[in-house]
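Those sequence lines, one after another, are chains A and B. Numbering of the first sequence is given in our numbering, commencing with residue 2 and proceeding in unit increments. Numbering of the second sequence is given in our numbering, commencing with residue 2 and proceeding in unit increments. Idealized CB from N, CA, C, for every residue including glycine. Predicted model, so just to flag it, every value in this text is computed and none were measured.
There are 2 protein chains.
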Amino acid sequence: MNRKGILVVVSGFSGVGKGTLMKLLTERYGHYALSISATTREAREGEEDGREYFFKTREEFEQLIADDMLIEYAQYCGNYYGTPREYVEDQMEQGRDVILEIELQGALKVKRKFPETLLLFVMPPDAQTLIARLRKRGTETEEVIHRRLARAVEESEGIEEYDYMIVNDDLDQSVELMHSLIEAQHNKINRNLDFVGQIQREVRALVKGE
Amino acid sequence: MNRKGILVVVSGFSGVGKGTLMKLLTERYGHYALSISATTREAREGEEDGREYFFKTREEFEQLIADDMLIEYAQYCGNYYGTPREYVEDQMEQGRDVILEIELQGALKVKRKFPETLLLFVMPPDAQTLIARLRKRGTETEEVIHRRLARAVEESEGIEEYDYMIVNDDLDQSVELMHSLIEAQHNKINRNLDFVGQIQREVRALVKGE
Numbered sequence: 002m003n004r005k006g007i008l009v010v011v012s013g014f015s016g017v018g019k020g021t022l023m024k025l026l027t028e029r030y031g032h033y034a035l036s037i038s039a040t041t042r043e044a045r046e047g048e049e050d051g052r053e054y055f056f057k058t059r060e061e062f063e064q065l066i067a068d069d070m071l072i073e074y075a076q077y078c079g080n081y082y083g084t085p086r087e088y089v090e091d092q093m094e095q096g097r098d099v100i101l102e103i104e105l106q107g108a109l110k111v112k113r114k115f116p117e118t119l120l121l122f123v124m125p126p127d128a129q130t131l132i133a134r135l136r137k138r139g140t141e142t143e144e145v146i147h148r149r150l151a152r153a154v155e156e157s158e159g160i161e162e163y164d165y166m167i168v169n170d171d172l173d174q175s176v177e178l179m180h181s182l183i184e185a186q187h188n189k190i191n192r193n194l195d196f197v198g199q200i201q202r203e204v205r206a207l208v209k210g211e
Numbered sequence: 002m003n004r005k006g007i008l009v010v011v012s013g014f015s016g017v018g019k020g021t022l023m024k025l026l027t028e029r030y031g032h033y034a035l036s037i038s039a040t041t042r043e044a045r046e047g048e049e050d051g052r053e054y055f056f057k058t059r060e061e062f063e064q065l066i067a068d069d070m071l072i073e074y075a076q077y078c079g080n081y082y083g084t085p086r087e088y089v090e091d092q093m094e095q096g097r098d099v100i101l102e103i104e105l106q107g108a109l110k111v112k113r114k115f116p117e118t119l120l121l122f123v124m125p126p127d128a129q130t131l132i133a134r135l136r137k138r139g140t141e142t143e144e145v146i147h148r149r150l151a152r153a154v155e156e157s158e159g160i161e162e163y164d165y166m167i168v169n170d171d172l173d174q175s176v177e178l179m180h181s182l183i184e185a186q187h188n189k190i191n192r193n194l195d196f197v198g199q200i201q202r203e204v205r206a207l208v209k210g211e
């Protein structure tokens, strides 16, 4: 079977629990790699270069763009954010499934560039759960929470381009579902035509030869 | 989430273990239903009408065709074989995933009629394993085995239309894989656009209303 790594994009409403899900997934299974974004925004306290982000100057970032070293990039609030190509490709070559957490516009760009990318959208079981989770964080004002929700809805236009949804009700089940959706992808017929052709040849040889 | 039943077609080389796989799957999980074919061939000893097959006269079968009561049908060796529509649709309405074991030509017909059908192809880990399994049955001459293999290879032309393959090496793992491939299907975004739309409306209402 073809075990070349798969590129997986995870998106979903703010507060839906994407981060926790991905963290648990990589802890539970050894063959996943989380992609680390490059950004021009300032490092916040406690953030480390190469762990949360690769921190770049504007000049460095624009050089990455010019050299086609990013799978996708976008600007938010005057800063660049992007996915370095090299790390992703290296990991995939080594058979690791690479997970990117990016928003819908970026996700669709990645899918156009790499049509075999698996697009997953994490949904809350209902809207009340979502807002309750955002409030529980306690780090943001009601106004900011509302703005984030409004933007989330806007950004979910185009969601029908995604492959699967994960309704994040029970965290443990969601991790297992995410894992099995990615595993399924390894068994796609069109990823395994070499193997299929080899079996066909072997059987044909048996029929003729024996 | 949309739990309406899914139609699943299972195909694969003769001797690859499809039957055992499907039997174990339905024993292990309660929500699967195996479709029972209709046929005009004579019942063999031990076969029961409505269990192995629905046994029909040629006239009855042709009436089923005329009334569009079959999802697909074909002729082999002068006999009709087909899949009764009503049983399949009833089971799916009740939320059961219905599994049909049919050959490639029939599978592609079903997919054209019901594009949401999941097509699974069971592969042997290698050709030697396949021929060993056929011989172990001990019911067929070498000549028959060779004819079946030759036909199997012919019938696997078009296999790239299938969705997933299951390499049936370890039976227990194959059952679990089949189950998770079918479960994945329930999480397809385009099967759940009603749910997605509902969450979008709920979040919008929260943003405006509160």
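Residue i burial status per 10 Å Cβ neighbour count (16 or more: buried)
i                 : result
Gln174 of chain A : exposed
Asp69 of chain A  : exposed
Tyr77 of chain A  : exposed
Ala44 of chain B  : exposed
Glu117 of chain B : exposed
Val17 of chain B  : buried
Ile190 of chain B : buried
Asp50 of chain B  : exposed
Gln199 of chain B : exposed
Asn80 of chain B  : exposed
Glu161 of chain A : exposed
Gln201 of chain A : buried
Asp164 of chain A : buried
Glu158 of chain A : exposed
First through last residue of the alpha helix (DSSP H) which encompasses residue i
i                 : result
Val17 of chain A  : Run containing Val17 of chain A: none; DSSP gives neither H nor E here.
Ile132 of chain A : 128 to 138
Gln64 of chain B  : 59 to 67
Asp195 of chain A : 194 to 210
Gln106 of chain B : 105 to 114
Proximal chain B residues relative to residue i, where beta-carbon distance stays under 7 Å
i                 : result
Tyr163 of chain A : Ile190
Ala185 of chain A : Tyr165, Ser181, Leu182, Ala185
Residue i, enclosing beta strand (DSSP E) - first and last residue
i                 : result
Gly83 of chain A  : 80 to 85
Ser175 of chain A : First-last for Ser175 of chain A: 172 to 187, but that is the alpha helix (DSSP H), not the beta strand (DSSP E).
Glu144 of chain B : Glu144 of chain B -> not in any beta strand (DSSP E); alpha helix (DSSP H) instead, spanning 143 to 156.
Met70 of chain B  : From DSSP, Met70 of chain B is part of no beta strand (DSSP E); its letter is neither H nor E.
Tyr54 of chain B  : 54 to 56
Ile167 of chain B : 165 to 168
Chain B contact for residue i (CB, 8 Å cutoff)
i                 : result
Glu94 of chain A  : no
Ser12 of chain A  : no
Phe122 of chain A : yes
Asn193 of chain A : yes
His32 of chain A  : no
Ile200 of chain A : yes
Leu101 of chain A : no
Leu22 of chain A  : no
Leu35 of chain A  : no
Contact check, residue i vs residue j, beta carbons under 8 Å
i                 : j                 : result
Ala185 of chain A : Leu120 of chain B : no
Leu71 of chain A  : Arg59 of chain A  : no
Ala108 of chain B : Val10 of chain B  : yes
Phe62 of chain B  : Thr84 of chain B  : no
Tyr33 of chain B  : Arg97 of chain B  : yes
Glu155 of chain A : Lys110 of chain A : no
Ala128 of chain A : Val204 of chain B : yes
Thr21 of chain B  : Leu172 of chain B : yes
Val197 of chain A : Met124 of chain B : yes
Glu141 of chain A : Lys19 of chain A  : no
Ile100 of chain A : Leu35 of chain A  : yes
Phe115 of chain B : Ser12 of chain B  : no
Phe14 of chain B  : Ala153 of chain B : yes
Leu131 of chain B : Ile132 of chain A : no
Asn3 of chain A   : Met166 of chain B : no
Ile37 of chain A  : Tyr82 of chain A  : no
Lys263 of chain A : Ala39 of chain A  : The question about residue 263 of chain A has no answer here: the residues shown for chain A are numbered 2 through 211.
Met93 of chain B  : Gly6 of chain B   : yes
Closer than 7 Å at the beta carbon, the chain A residues around residue i
i                 : result
Glu203 of chain B : Asp127, Ala128
Ile132 of chain B : Leu207
Ser157 of chain B : Gln201
Leu150 of chain B : Val204, Leu207, Val208
Interface partners of residue i on chain B, CB under 8 Å
i                 : result
Val9 of chain A   : What Val9 of chain A touches in chain B: nothing, since even the nearest Cβ is about 13 Å away.
Ile160 of chain A : Ile190, Val197
8 Å Cβ cutoff, residue i in contact with chain A
i                 : result
Ser175 of chain B : no
Leu154 of chain B : The amino acid occupying residue 154 of chain B in the given sequence is Val; Leu does not appear at that position. Chain A, which has a Cβ nearer than 8 Å to the Cβ of Val154 of chain B, makes this yes.
Leu108 of chain B : Residue 108 of chain B is actually Ala in this sequence, not Leu. False, the Cβ-Cβ gap to chain A never drops below 8 Å.
Val197 of chain B : yes
Leu178 of chain B : yes
beta-carbon residue i near the ligand ATP non-hydrogen atom, thresh 7 Å
i                : result
Ile37 of chain A : The ligand ATP is not part of this structure, which contains no ligands at all.
Chain A contact residues for residue i, given Cβ-Cβ distances below 9 Å
i                 : result
Leu119 of chain B : The contacting residues do not exist; Leu119 of chain B stays about 10 Å from chain A at best.
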